[in-house]
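Here's the structure we're looking at; comments come further down.
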Amino acid sequence: MKYWTFRMLKEKVSFQITKGWMQVFSIGLLLLIAFFILSLSSGSNWISPTQVFMQLSNMTDEHAFVIETLRLPRTLLAVLVGSALGISGLILQSIVRNPLASPDIIGITSGASFGAVLFISVGTGVVSMSLLPFAAISGGLITATFIYLISWNKGVTPIRLVLIGIGISAILKAGVTFLLVFSDTYVVSKAYIWLTGSLYAATWNDVTSLFWWIMIPLPILIILGRSMNVTELGDDVAISMGIKLQWQRLVFLGCAVILAASSAAYVGGIEFVGLMAPHLARRLVGKSFLGLIPITGIIGALLVVIADLIARTMFLPLDIPAGVFTAAIGAPFFIYLLYRNRNR
Amino acid sequence: MNKKFSVLVFSIIATIAILAACGNAEEKEVNSASAEKETATSETRVIEHVLGTTQITGTPKKIVTLYQGATDTLLEFGVKPIGVVESWAEQPIYEYLKSDLEGVTIVGLETQPNLEEIAALKPDLIIATQVRHEEIYEQLSQIAPTVVNTTLYDIHETTSLIGQSIGQEDQAEKLIADWESRVADFKEKIATNENYPFSVAVTNYRADHARVYVQGFAGSILTELGFKEPKNLQGQKLDIVKLNDKESISQMDADVIFQFMEDDAAVKNTYKEWSEHPLYLNLDAVKNEQVYTVNEIVWNLAGGLQSANLMLDELYTHFKLEK
Chain A
1 MKYWTFRMLK EKVSFQITKG WMQVFSIGLL LLIAFFILSL SSGSNWISPT QVFMQLSNMT
61 DEHAFVIETL RLPRTLLAVL VGSALGISGL ILQSIVRNPL ASPDIIGITS GASFGAVLFI
121 SVGTGVVSMS LLPFAAISGG LITATFIYLI SWNKGVTPIR LVLIGIGISA ILKAGVTFLL
181 VFSDTYVVSK AYIWLTGSLY AATWNDVTSL FWWIMIPLPI LIILGRSMNV TELGDDVAIS
241 MGIKLQWQRL VFLGCAVILA ASSAAYVGGI EFVGLMAPHL ARRLVGKSFL GLIPITGIIG
301 ALLVVIADLI ARTMFLPLDI PAGVFTAAIG APFFIYLLYR NRNR
Chain B
345 MNKKFSVLVF SIIATIAILA ACGNAEEKEV NSASAEKETA TSETRVIEHV LGTTQITGTP
405 KKIVTLYQGA TDTLLEFGVK PIGVVESWAE QPIYEYLKSD LEGVTIVGLE TQPNLEEIAA
465 LKPDLIIATQ VRHEEIYEQL SQIAPTVVNT TLYDIHETTS LIGQSIGQED QAEKLIADWE
525 SRVADFKEKI ATNENYPFSV AVTNYRADHA RVYVQGFAGS ILTELGFKEP KNLQGQKLDI
585 VKLNDKESIS QMDADVIFQF MEDDAAVKNT YKEWSEHPLY LNLDAVKNEQ VYTVNEIVWN
645 LAGGLQSANL MLDELYTHFK LEK
């Protein structure tokens, strides 16, 4: 197989790009760009792609509000959230070496959900709703720290992390149900929309905030990413290769938590993307961790952009939470990939 | 190869940064432009509401209402909105409003109205509620001046807010005065009833639970009419009480029960099970045959001044009082 090797910054960063990876990457990117433009064009009124380009380059001002205030931030947020959730799932699956790990199962999303639902049920009409993201992020971060600390037993092993995560997640889900039962009906309907995950009412502020949250873990992943390939071979192998295993685990876990909690903060509990995007990526390009990051990001972004496109155009004039459709479009594709590769 | 790649990465980051900067700059321009336009015209009224102050110029002609109560109440002013949200039952528009709202655009769900549809109507006033639309207030304000009600069902607040917004304060006062005189008339006539003042409970059956509406739309109107809260829930300032178990049936206890439910097999089944329970048969209203089934839309889902009047009509009939 043809490949190119890159070594940069005194070999601190190095990776290989194969021809197959390039193909998948460029096809994925082109698809994403295509759906991005389609998403800017469609809505209550169809605005042709040429008009969209003219609007974006300021040659016309006809669609300023619809494109620049409504569709562009919404689509950008979909891209950011999708890639953040996908990459978060990829990190978690690599840390715990379990294909079923994802932010929703390990308890991060449940923590964020609990924070958000608590805020919605106590704060509606009392505190400004613009503080909701902080409640969700703190919920996610506190829960993750808690899970990490409880799992600690002369170091953290993946199996303890997963089991305690599932336990905490169950407690928090019970807490969410409790809050829903004891809240006013209109608060409950608001909380349900949040729990499903909706890109509705995305603003530029959401986009820029989430962008900076994602920028925190990204350089860490690029620099430390190659060590993950070794760790996936097992704890003993990793330690004998000179990897500071507990440090690595803590840093990567931190990255995954920031990605998942911040995206949950801005769009709510979109599920499935964190679980499926890494699997789809692995089916397409193999197992190199660094190579998987961009592909997982693109696939996650595609899932959410398409889900939101369907959610806001299929049942016009109704605008439905995108979380309803992420599984509906991802699962069939995933099953198809498994089916096609069954004899390999 | 190495260098080339670095250049490529750098240029991608630079492009993203430039694009992001453009986005922000454009947004600011739009904001300042609309601000200038507002200050330039004369005859501007300033409305204070729960999420801020809104300037309204002239008399709004193209109004979009984003909750059921606002749609219902706006029609009482003789003003027809150009856009409304889908109703909770009899979708997309309640039967009792259908003739008044012919040809009106539906702009999506009350919980998540479609901003593009609203923008396409180019309205000059949007009436929203804090409980549903706090997150989109900024965006709504960019489409048109937006006024926001605190609750969903407070007919007094909705009426006076709409009055101020469309420049018909007099009409708002008249509508409220009419309502209050009807309330006074009802209280006077019901006082002749030997059991007055009695307690009432508004109950609702769902597929998996039952509810008592202590406040909410129907509850707050019944309180205004001088009725007392359900016997076991008095003085607790409760809003809507969910009964998840048949053992809590005694919470429904009152002299009169008004009940409503969806026309749905699962709901009917819950009702059947609950109404055959010994605790239910022991309720005062049940023993005295004072349980009435009422119209769900009028009593709960509409939440406006018109439906309040319709509800009052039903009460006159139930207690056999003359209007």
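Residue numbers (the numbering used here), protein chains in the order written: chain A, 1 to 344; chain B, 345 to 667.
Don't be surprised by glycine CBs; every beta carbon is placed ideally from N, CA and C.
In this text the structure is predicted, and so the values were computed from the model without any measurement.
Q. Shorter than 8 Å from the beta carbon of Asp657 (chain B) to some beta carbon of chain A?
A. Here residue 657 (chain B) corresponds to residue number 313 of the second sequence, with the count starting at 1. At least 8 Å separates the CB of Asp657 (chain B) from every CB of chain A.
Q. In chain order, what residues of the same chain have a beta carbon less than 6 Å from the beta carbon of Asn653 (chain B), not counting five sequence neighbours either side?
A. For the purposes of this step, residue 653 (chain B) is taken as the residue at position 309 of the second sequence. Correct list: empty, nothing qualifies.
Q. Is Trp4 (chain A) helix, strand or coil by DSSP?
A. Taking the first sequence and counting its residues from 1, the one referred to as residue 4 (chain A) is at position 4. Annotated three-state conformation of Trp4 (chain A) is strand, per DSSP.
Q | Inter-residue CB distance, Thr637 (chain B) and Arg550 (chain B) (contact presumed, cutoff 8 Å) | A | To locate residue 637 (chain B), count along the second sequence from 1; it is residue 293. To locate residue 550 (chain B), count along the second sequence from 1; it is residue 206. About 15 Å separates the beta carbons of Thr637 (chain B) and Arg550 (chain B), which is beyond the 8 Å limit, so they are not a contact pair.
Q | Span separating the alpha-carbon of Gly563 (chain B) from that of Val546 (chain B) | A | The residue labelled residue 563 (chain B) in the question sits at position 219 within the second sequence. The residue labelled residue 546 (chain B) in the question sits at position 202 within the second sequence. Straight-line spacing of the CA atoms in Gly563 (chain B) and Val546 (chain B) works out to 7 Å.
Q. Can the beta-carbon of Gly197 (chain A) be found closer than 8 Å to that of Gly269 (chain A)?
A. Position 197 of the first sequence, counted from the start, is the residue given in the question as residue 197 (chain A). Position 269 of the first sequence, counted from the start, is the residue given in the question as residue 269 (chain A). Yes. Within cutoff.
(Q) Check this for me: beta carbons of Ser262 (chain A) and Trp213 (chain A), under 8 Å apart or not? (A) Your numbering for residue 262 (chain A) matches position 262 in the first sequence. Your numbering for residue 213 (chain A) matches position 213 in the first sequence. Cβ distance < 8 Å, so Ser262 (chain A) and Trp213 (chain A) count as in contact.
Q) In chain order, which beta strand (DSSP E) runs of at least 3 residues are fully inside the segment 565 to 641 of chain B? A) Here the runs fully enclosed are 584 to 587, 600 to 605, 635 to 637.
Q. Name the DSSP bridge partner or partners of Phe15 (chain A)?
A. As a working note, residue 15 (chain A) is residue 15 in the first sequence. BP columns for Phe15 (chain A) point to A:Phe6.
Q: Can you grab the Cα-Cα spacing for the pair Arg312 (chain A) / Thr449 (chain B), in whole Å?
A: Along the first sequence, one-based indexing puts residue 312 (chain A) at 312. Along the second sequence, one-based indexing puts residue 449 (chain B) at 105. Arg312 (chain A) and Thr449 (chain B) have their C-alpha atoms roughly 17 Å apart.
Q) For Glu517 (chain B), which of B:Glu420, B:Tyr540, B:Val611 has the nearest alpha-carbon? A) Locating residue 517 (chain B) in the second sequence gives position 173, counting from the first residue. Nearest option by C-alpha distance: B:Glu420.
Q: Figure out for me which residue from A:Val66, A:Val117, A:Leu100, A:Ser288 has the closest Cα to the Cα of Asn229 (chain A).
A: Here residue 229 (chain A) corresponds to residue number 229 of the first sequence, with the count starting at 1. Considering only alpha carbons, the answer is A:Ser288.
(Q) Please report whether the beta-carbon of Val585 (chain B) lies at a distance below 8 Å from any beta-carbon of chain A. (A) As a first step, residue 585 (chain B) is located in the second sequence; it is residue number 241 there, counting from the start. Output row for Val585 (chain B): interface = no.
Q: Starting from the beta carbon of Gly43 (chain A), find every residue of chain B whose beta carbon is closer than 7 Å, and list them in chain order.
A: Walking along the first sequence from the start, residue 43 (chain A) turns up at place 43. In chain order: Glu460.
Q) How far does the alpha helix (DSSP H) with Leu253 (chain A) in it reach, from first residue to last? A) Counted from its first residue, the first sequence places residue 253 (chain A) at position 253. Note, Leu253 (chain A): alpha helix (DSSP H), 245 to 267.
Q. Are there three or more Cβ pairs, one per stretch, closer than 8 Å when the segment 293 to 309 of chain A is compared with the segment 275 to 285 of chain A?
A. Yes: at least three Cβ pairs fall under 8 Å.
Q) Can you give the beta carbon distance from Leu303 (chain A) to Thr326 (chain A), rounded, assuming they're within the 8 Å contact cut? A) Counted from its first residue, the first sequence places residue 303 (chain A) at position 303. Counted from its first residue, the first sequence places residue 326 (chain A) at position 326. Rounded, the Cβ-Cβ distance is 6 Å, consistent with contact.
**Q.** Distance CB(Pro317 (chain A))-CB(Ser44 (chain A)) smaller than 8 Å
**A.** If you number the first sequence from 1, residue 317 (chain A) lands on position 317. If you number the first sequence from 1, residue 44 (chain A) lands on position 44. Yes.
Q | Host beta strand (DSSP E) of Leu469 (chain B) (start-end) | A | For the purposes of this step, residue 469 (chain B) is taken as the residue at position 125 of the second sequence. It spans 469 to 473 - the beta strand (DSSP E) in which Leu469 (chain B) sits, taken as one unbroken run.
Q: Would you verify that the beta carbon of Ala488 (chain B) is, or is not, closer than 8 Å to some beta carbon of chain A?
A: Locating residue 488 (chain B) in the second sequence gives position 144, where the first residue counts as 1. No, its Cβ sits nowhere closer than 8 Å to a Cβ of chain A.
(Q) Just to confirm, is the Cβ distance from Ile95 (chain A) to Pro158 (chain A) under 8 Å? (A) As a working note, residue 95 (chain A) is residue 95 in the first sequence. As a working note, residue 158 (chain A) is residue 158 in the first sequence. Taking C-beta atoms as the reference points, Ile95 (chain A) and Pro158 (chain A) count as a pair closer than 8 Å.
Q) Taking the alpha-carbon positions, what's the Gly396 (chain B) to Val492 (chain B) distance? A) Here residue 396 (chain B) refers to the residue found at position 52 when the second sequence is read from its first residue. Here residue 492 (chain B) refers to the residue found at position 148 when the second sequence is read from its first residue. A direct Cα-to-Cα measurement between Gly396 (chain B) and Val492 (chain B) gives close to 9 Å.
Q: Taking a Cβ distance cut-off of 8 Å, strictly less, list which residues of the segment 56 to 68 of chain A are near chain B, in chain order.
A: Under the 8 Å Cβ criterion, the segment 56 to 68 of chain A contributes Asn58, Ala64, Phe65, Val66, Glu68.
Q. Of the residues that make up the segment 443 to 458 of chain B, which ones have a beta carbon closer than 7 Å to any beta carbon in chain A?
A. Cβ contacts with chain A come from Ile450, Val451, Gly452, Leu453, Thr455, Gln456, Asn458.
Q. Could you give the C-beta distance for Ser527 (chain B) and Leu569 (chain B), rounded to a whole number, given that I count them as a contact under 8 Å?
A. Residue numbering aside, residue 527 (chain B) sits at position 183 when the second sequence is read from its first letter. Residue numbering aside, residue 569 (chain B) sits at position 225 when the second sequence is read from its first letter. What sits at residue 527 (chain B) in the sequence shown is Val, not Ser. Going by Cβ atoms, the distance from Val527 (chain B) to Leu569 (chain B) rounds to 6 Å, so yes, they are a contact pair.
Q: Could you list which residues in chain B have their beta carbon closer than 7 Å to that of Asp184 (chain A), in chain order?
A: Position 184 of the first sequence, counted from the start, is the residue given in the question as residue 184 (chain A). Asp583, Ile584, listed in chain order.
Q: For chain A, find out if any of its Cβ atoms is closer than 8 Å to the Cβ of Leu496 (chain B); answer yes or no.
A: Counting from 1 along the second sequence, the entry for residue 496 (chain B) is found at position 152. For Leu496 (chain B), the answer is yes, since a Cβ of chain A falls inside 8 Å of its Cβ.
Q: Please report how far the alpha carbon of Ala554 (chain B) lies from the alpha carbon of Met596 (chain B), in whole angstroms.
A: Sequence index remark: in the second sequence, residue 554 (chain B) carries index 210 (1-based). Sequence index remark: in the second sequence, residue 596 (chain B) carries index 252 (1-based). If I take the Cα positions, the gap works out to 10 Å.
Q.
Within a Cβ cutoff of 6 Å, which residues of the same chain sit near Ala610 (chain B), ignoring the five residues on either side of it in sequence?
A. In the second sequence, residue 610 (chain B) corresponds to position 266, counting from 1. Excluding positions up to five away in sequence, the list reads Ala551.
Q) Could you check where the beta strand (DSSP E) with His63 (chain A) kicks off and where it finishes? A) In the first sequence, residue 63 (chain A) corresponds to position 63, counting from 1. His63 (chain A) -> no beta strand (DSSP E), and no H or E assigned at all.
Q | Collapsed DSSP secondary structure at Val544 (chain B) in the structure displayed | A | Indexing the second sequence from 1 puts residue 544 (chain B) at position 200. Correct three-state label for Val544 (chain B): strand.
Q) At a CB-CB cut-off below 8 Å, which residues of chain B make contact with Thr203 (chain A)? A) By 1-based counting over the first sequence, the position of residue 203 (chain A) is 203. Listed along chain B, the residues sitting closer than 8 Å to Thr203 (chain A) by beta-carbon distance are Glu482, Gln483.
(Q) What are the residues in the segment 10 to 22 of chain A lying within 8 Å of chain B by C-beta distance? (A) Correct list: empty, as no residue qualifies.
Q: In angstroms with no decimal places, state the Cα-to-Cα distance between Asn539 (chain B) and Ala629 (chain B).
A: Taking the second sequence and counting its residues from 1, the one referred to as residue 539 (chain B) is at position 195. Taking the second sequence and counting its residues from 1, the one referred to as residue 629 (chain B) is at position 285. For Asn539 (chain B) and Ala629 (chain B), the distance between alpha carbons rounds to 13 Å.
**Q.** Cut-off 6 Å between Cβ atoms - residues of its own chain near Asp308 (chain A), not counting five sequence neighbours on either side
**A.** Looking up residue 308 (chain A) in the first sequence gives position 308. Result list for Asp308 (chain A): Ala78, Leu199, Ala322, in chain order.
Q: Using alpha carbons as the reference points, say which of A:Pro217, A:Arg97, A:Phe36, A:Ile223 lies closest to Lys10 (chain A).
A: Sequence index remark: in the first sequence, residue 10 (chain A) carries index 10 (1-based). For Lys10 (chain A), the closest alpha carbon among the candidates A:Pro217, A:Arg97, A:Phe36, A:Ile223 is that of A:Ile223.
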